[in-house]
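Asks: Sequence positions in the sequence shown follow the working numbering and run 320 to 637. Ideal Cβ placement from N, Cα and C applies to all residues, glycine included. This structure is in structure tokens; I'll ask about it shortly.
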Amino acid sequence: MKENVNYIAPIYKLALVDATTVPRRISYSQWSMYEKCPNQWKLAYIDGLAPFQSSIDTCFGTAFYETLQTYLTVMYTDSIKRADAIDLRELLTTNLRNEYASNVEQTGAHFSNPLQLAEYLEDGAAILTWFKNRRSTYFSTKDWELVAIEMELCTQASDANPSVFWYGFIDVVLRNTKTNKIHILDIKTSRSGWNKYQKADAIKMAQLIAYKNYFAKQFGAVVENIDVEFFIVKRKMLEESMFPQKRVQQVIPASGTVTQRKVQRQIDRFVESCFDLEGNKNADRAYMAISGKGDKNCKYCPFKTDYANCAKESRIRE
Numbered sequence: 320m321k322e323n324v325n326y327i328a329p330i331y332k333l334a335l336v337d338a339t340t341v342p343r344r345i346s347y348s349q350w351s352m353y354e355k356c357p358n359q360w361k362l363a364y365i366d367g368l369a370p371f372q373s374s375i376d377t378c379f380g381t382a383f384y385e386t387l388q389t390y391l392t393v394m395y396t397d398s399i400k401r402a403d404a405i406d407l408r409e410l411l412t413t414n415l416r417n418e419y420a421s422n423v424e425q426t427g428a429h430f431s432n433p434l435q436l437a438e439y440l441e442d443g444a445a446i447l448t449w450f451k452n453r454r455s456t457y458f459s460t461k462d463w464e465l466v467a468i469e470m471e472l473c474t475q476a477s478d479a480n481p482s483v484f485w486y487g488f489i490d491v492v493l494r495n496t497k498t499n500k501i502h503i504l505d506i507k508t509s510r511s512g513w514n515k516y517q518k519a520d521a522i523k524m525a526q527l528i529a530y531k532n533y534f535a536k537q538f539g540a541v542v543e544n545i546d547v548e549f550f551i552v553k554r555k556m557l558e559e560s561m562f563p564q565k566r567v568q569q570v571i572p573a574s575g576t577v578t579q580r581k582v583q584r585q586i587d588r589f590v591e592s593c594f595d596l597e598g599n600k601n602a603d604r605a606y607m608a609i610s611g612k613g614d615k616n617c618k619y620c621p622f623k624t625d626y627a628n629c630a631k632e633s634r635i636r637e
């Protein structure tokens, strides 16, 4: 979370929790890692072996989020005119430069080059220009108000364990002033959008379902009044397409009662299996290594060649 893009409406601040006071925090990234491969979670979060990793994609993603979030904050808290007056290209340039420098400092090495950084900057500027010309299609101030940018969630993750708290940040939260509907958005950057396999990934979709559940729990909202959406921006457009293309892809996961309960049961099992009632991690149990079909879980795993801690022959292919 960056302070310059953080905003929360005053009334919602009353329900914020000091995250430094809770015994144990878990996040979507922790839980999703465990769901895919328990052994990767154990190596990363119990053994503390995961190195800090960064890439041009994550670096660009953060810089782009901050730029778009700044625009939306000004739009909703000041005016559309003031938001449109922002030099978004210059802001993105500054954010990308700062984020890259910060990541290089943490990793101790460069992971990109000037040509690649320039390409990503041009892609981001093109997205912002396209979005700005069509802003009213996606965001309107008529009957809508900004609840939060980078809204902090910190609430009990499972009713069965008072020591483990779900912790994370929601990119954008809006409220309809007429219907009291809450709209939660998670901004994603993508090369050319999500394909059918990504949209069918239940764990990927579960991020917003969990956010919906925990937002309702922490802030006293009616869960049925909360809509969720992945707001995906595309860096590249298809060449020679026969149809008009959009830089924005909106993916709305199924988030009804049945799906909400299913996701919560999965999180409950994770909490029960990996933590005791004081929030301590269960280090003594066995954690399976699941490589998945075609070893897909190993593709980006930092332990994929660490055969001492994750023996190749013990990996389970499903």
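Strictly by DSSP, which residues pair up with T508?
Replies: Locating residue 508 in the sequence shown gives position 189, counting from the first residue. In the DSSP output, where bridge partners are listed per residue, T508 has V552.
Asks: Note down, in chain order, each residue of its chain lying with its Cβ closer than 7 Å to the Cβ of F371, except the 5 sequence neighbours on either side.
Replies: Walking along the sequence shown from the start, residue 371 turns up at place 52. So the qualifying residues of the chain are Q425 and T426.
Asks: Let me confirm a value: I571 is counted as buried when at least 16 other C-beta atoms fall within 10 Å, else exposed. Which label applies?
Replies: Counted from its first residue, the sequence shown places residue 571 at position 252. Classification for I571: exposed.
Asks: Hey, quick one: how far does the beta strand (DSSP E) through W485 stretch, first residue to last?
Replies: Within the sequence shown, numbered from 1, the residue matching residue 485 stands at position 166. Where W485 is concerned, the enclosing beta strand (DSSP E) stretches over N480 to N495.
Asks: Buried or exposed: where does S477 fall if 16 or more other Cβ atoms within 10 Å of its Cβ makes it buried?
Replies: Residue 477 sits at position 158 when you count from the first residue of the sequence shown. Classification for S477: buried.
Asks: Would you tell me roughly how many angstroms separate the C-alpha atoms of F488 and L472, rounded to the nearest one?
Replies: In the sequence shown, the residue the question calls residue 488 occupies position 169. In the sequence shown, the residue the question calls residue 472 occupies position 153. Their Cα atoms are separated by approximately 6 Å.
Asks: Tell me the DSSP secondary structure of M352 in three-state form.
Replies: What you label residue 352 is simply residue 33 of the sequence shown in a count that begins at 1. Correct three-state label for M352: helix.
Asks: Residues in its own chain within less than 8 Å of K321 by CB, not counting five upstream and five downstream?
Replies: Translated into the one-based positions of the sequence shown, residue 321 becomes position 2. The pLDDT assigned to K321 is 47, lower than 50, so where the model puts this residue is not dependable; a value taken from the coordinates is nonetheless given after this. Closer than 8 Å at Cβ, skipping near neighbours: E385 and E469.
Asks: Would you give the residue range spanned by the alpha helix (DSSP H) that S421 belongs to?
Replies: As a working mapping, residue 421 is identified with position 102 in the sequence shown. S421 -> alpha helix (DSSP H) spans L407 to T426.
Asks: Under 8 Å between the Cβ atoms of S351 and I522?
Replies: Position 32 of the sequence shown, counting from 1, holds the residue named residue 351. Position 203 of the sequence shown, counting from 1, holds the residue named residue 522. Taking 8 Å as the Cβ cut-off, S351 and I522 qualify as a contacting pair.
Asks: Answer with buried or exposed for N628, where buried requires no fewer than 16 other C-beta atoms within 10 angstroms of its C-beta.
Replies: Taking the sequence shown and counting its residues from 1, one reaches residue 628 at position 309. So N628 ends up on the exposed side.
Asks: So, for I635: in the same chain, excluding its five sequence neighbours on each side, which residues have a beta-carbon less than 7 Å away from its beta-carbon?
Replies: Looking up residue 635 in the sequence shown gives position 316. Excluding residues within five positions, the ones whose Cβ falls inside 7 Å are M607, A608, I609 and S610.
Asks: Quick check on the DSSP output: the alpha helix (DSSP H) that includes E469 runs from which residue to which?
Replies: Along the sequence shown, read from residue 1 onward, the residue named residue 469 stands at position 150. From DSSP, E469 is part of no alpha helix (DSSP H) but of the beta strand (DSSP E) over W463 to S477.
Asks: For Y288, which three-state DSSP category applies?
Replies: Not covered by the structure: residue 288. The range shown for the chain is 320 to 637.
Asks: What are the boundary residues of the beta strand (DSSP E) that V570 is part of?
Replies: Position 251 of the sequence shown, counted from the start, is the residue given in the question as residue 570. Run containing V570: V567 to V570, per the beta strand (DSSP E) assignment.
Asks: Can you tell me whether F594 is helix, strand or coil according to DSSP?
Replies: Translated into the one-based positions of the sequence shown, residue 594 becomes position 275. Residue state, collapsed to three classes: strand.
Asks: How long is the line joining the alpha carbons of S348 and Y390, rounded to whole angstroms?
Replies: On the sequence shown, residue 348 is found 29 positions in, with the first residue counted as 1. On the sequence shown, residue 390 is found 71 positions in, with the first residue counted as 1. So the two alpha carbons sit approximately 27 Å from each other.
Asks: Report the rounded CA-to-CA distance for Y326 versus K536, giving the unit in angstroms.
Replies: Within the sequence shown, numbered from 1, the residue matching residue 326 stands at position 7. Within the sequence shown, numbered from 1, the residue matching residue 536 stands at position 217. For Y326 and K536, the distance between alpha carbons rounds to 20 Å.
Asks: I think L407 touches K451, with their Cβ atoms under 8 Å apart; what is that distance to the nearest whole Å?
Replies: To locate residue 407, count along the sequence shown from 1; it is residue 88. To locate residue 451, count along the sequence shown from 1; it is residue 132. Sure, about 7 Å apart at Cβ, within 8 Å.
Asks: May I ask you to report which of helix, strand or coil DSSP gives Y439?
Replies: The count along the sequence shown starts at 1 and reaches residue 439 at position 120. Helix.
Asks: Decide yes or no for the touch test of the segment 499-508 against the segment 543-550: beta carbon pairs closer than 8 Å, at least 3 of them.
Replies: They touch, by the three-pair rule.
Asks: If you draw a straight line from the C-alpha of S431 to the C-alpha of E558, how long is it?
Replies: Residue 431 sits at position 112 when you count from the first residue of the sequence shown. Residue 558 sits at position 239 when you count from the first residue of the sequence shown. Going by the C-alpha atoms only, they are around 25 Å apart.
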